[in-house]
Ligand code: UDX
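In the numbering used here, the protein residues as written are 13 to 470.
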């Protein structure tokens, strides 16, 4: 078992650290935020992630994991240091590497024995060559240090599971020593390991994420065409999915991808290509489609309603996907300001993301509009004029079509996640607009409502 230090306790670093401890390594997680370190020591996870807190507590009690702000003591005797700090997007779409540089400098000044530095953060191809040079330039002691690339593929909400049961582990190294050490560190996970050179490993991360983003944007593009030609995108996806070459995952059309990876990594790779004088047209197309997709329902609703001024608007779901409190690049962040600008009276519901959203849009008056955070779907829908579904939380999916008709002033639903079938909404008498499928128009909804009312009467 090895002595491992992890720099950064965000999604990538903390989950990696906890999983290394879980398989038996001795782990120290380093973060600059003292408050956060104390919270973690008390067994509380600073992020909402299924199963994480339990493993934090178990491994802390077993003294296999600790948290500190003292990077020097954590790094100096480590066999390997994993870097999992953020690489946020700069305004021009390129990756900001200043956190990595800071950690690299601290490593160079701390290590007292041979050490493998493993970069988990997503970095532009070629960065790890520079990180290695940088560390060597600032090295204080006469020790061997090498940098390896080990990109992370975990998805938020299932991060622990994704790490312990990954479909593959990618390691990118430039020497047998580094390759063998990393192989040994990962051996207890008992998972397939793909060993390549450093630049290929860096590229695998971007190529994988951008392919998935492309797959979603492709389905969204097809969805928009489906609406125009009268096809149903869910049926189309189903038909496609039986082809093993296409597969059955990531074919869900919706209001565009969000989160911390796809939006950032598509722009970053486009930028990397640009720097090499190449235009990455496919990825550019994915970005363009995604941008338009996010406000598609708002645009549809604007045409139908003329104005949102004074209307009670129910917003169901704020996070970029269910199972997380993360709002990064969520469709809600684009749509809610547009609705507020129009004077909408928003009632927003999200089981875990509301308090984060309130930091951006505090409860109460927001310009011309107003926003209220409610703790259940019923309160959001009560007397609402229109409802937007942005995240497919279980709590939202549990709402039966009849509830929209029963609770709303006008049962008018814009569903960005295709939660309901057209038929059930039609039967319930709800005007229903979704993505890539036929709408249940007002007249049809009204008609089926009358039929039902007549049946009830007779
Ligand atoms: C993603 C990758 O899955 C992961 O491998 C990588 O390391 C980081 O980025 P994450 O962003 O956590 O993970 O979530 P994911 O479940 O992949 O969803 C990303 C976005 O795509 C969400 O907004 C989701 O709603 C959207 N999506 C996903 C679709 O719109 N349609 C789909 O079919 C799948």
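Glycine residues also receive a C-beta, built at the ideal position from the N, C-alpha and C atoms.
If you're wondering where the values come from, they're calculated on a predicted model, not measured in any experiment.
Rounded C-alpha distance that separates residue 353 from residue 266: 24 angstroms
Distance check for residue 430 and residue 96, CA to CA, integer angstroms please. 35 angstroms
Which full runs of the beta strand (DSSP E) of 3+ residues lie inside the segment 166–240, going along the chain? 181–184 and 205–208
Neighbourhood of residue 466 by C-beta, 8 angstroms cutoff - its chain only, sequence neighbours within 5 removed: Caution applies to residue 466, whose pLDDT of 48 falls short of 50 and renders its modelled position unreliable; the model cannot decide the point.
Give the DSSP bridge partners of residue 371, in chain order. Paired residue(s): none; residue 371 is not in a bridge.
Is the Cβ-Cβ distance between residue 331 and residue 384 less than 8 angstroms? no
Three-state secondary structure assigned by DSSP to residue 314: helix
By alpha-carbon positions, which one of 37, 155 and 52 ends up nearest to residue 43? 52
Return yes when at least one heavy atom of ligand 1 lies under 7 angstroms from the C-beta of residue 266, else no. yes
Roughly how many angstroms separate the alpha carbons of residue 236 and residue 39, rounded to a whole number? 49 angstroms
Could you check where the alpha helix (DSSP H) with residue 31 kicks off and where it finishes? 23–34
With respect to 7 angstroms, is the separation between the Cβ of residue 399 and the closest non-hydrogen atom of ligand 1 below this value? no
Terminal residues of the continuous beta strand (DSSP E) containing residue 359? 357–361
DSSP has residue 78 in a bridge; who is on the other side? 40
Local Cβ density within 10 Å of residue 210, reported as buried at 16 or more and exposed below that: buried
CB contact flag (residue 168, residue 336, <8 angstroms): yes
In chain order, what residues of the same chain lie with their CB nearer than 7 angstroms to the CB of residue 246, ignoring the 5 residues before and after it? 430 and 449
If we count Cβ pairs, one from each stretch, closer than 8 angstroms, do we get three or more for the segment 16–29 versus the segment 157–177? yes
Let me confirm a value: residue 428 is counted as buried when at least 16 other C-beta atoms fall within 10 Å, else exposed. Which label applies? buried
One question on the structure: do residue 280 and residue 105 come within less than 8 angstroms of each other, judged by their Cβ atoms? yes
Should residue 140 go down as buried or exposed, given a rule of 16 or more other Cβ atoms within 10 Å for buried? buried
C-beta atoms of residue 301 and residue 347 nearer than 8 angstroms: no
Less than 7 angstroms between the CB of residue 273 and some heavy atom of ligand 1, yes or no? yes
Please determine, among 242, 243, 263 and 238, the residue with the shortest C-alpha to C-alpha distance to residue 250. 263
Could you tell me the distance, in whole angstroms, from the CA atom of residue 34 to the CA atom of residue 160? 22 angstroms
Are the Cβ atoms of residue 319 and residue 299 separated by less than 8 angstroms? no
In or out: residue 356 buried (at least 16 other Cβ within 10 Å) or exposed? buried
Is residue 287 buried or exposed, if buried means 16 or more other CB atoms sit within 10 Å of its CB? exposed
From residue 228 to residue 150, what distance separates their C-alpha atoms? 43 angstroms
Can you name the start and end residues of the beta strand (DSSP E) that residue 14 belongs to? Neither: residue 14 is in no beta strand (DSSP E) and is coded neither H nor E.
Let me know the secondary structure DSSP gives residue 272 once reduced to three states. coil
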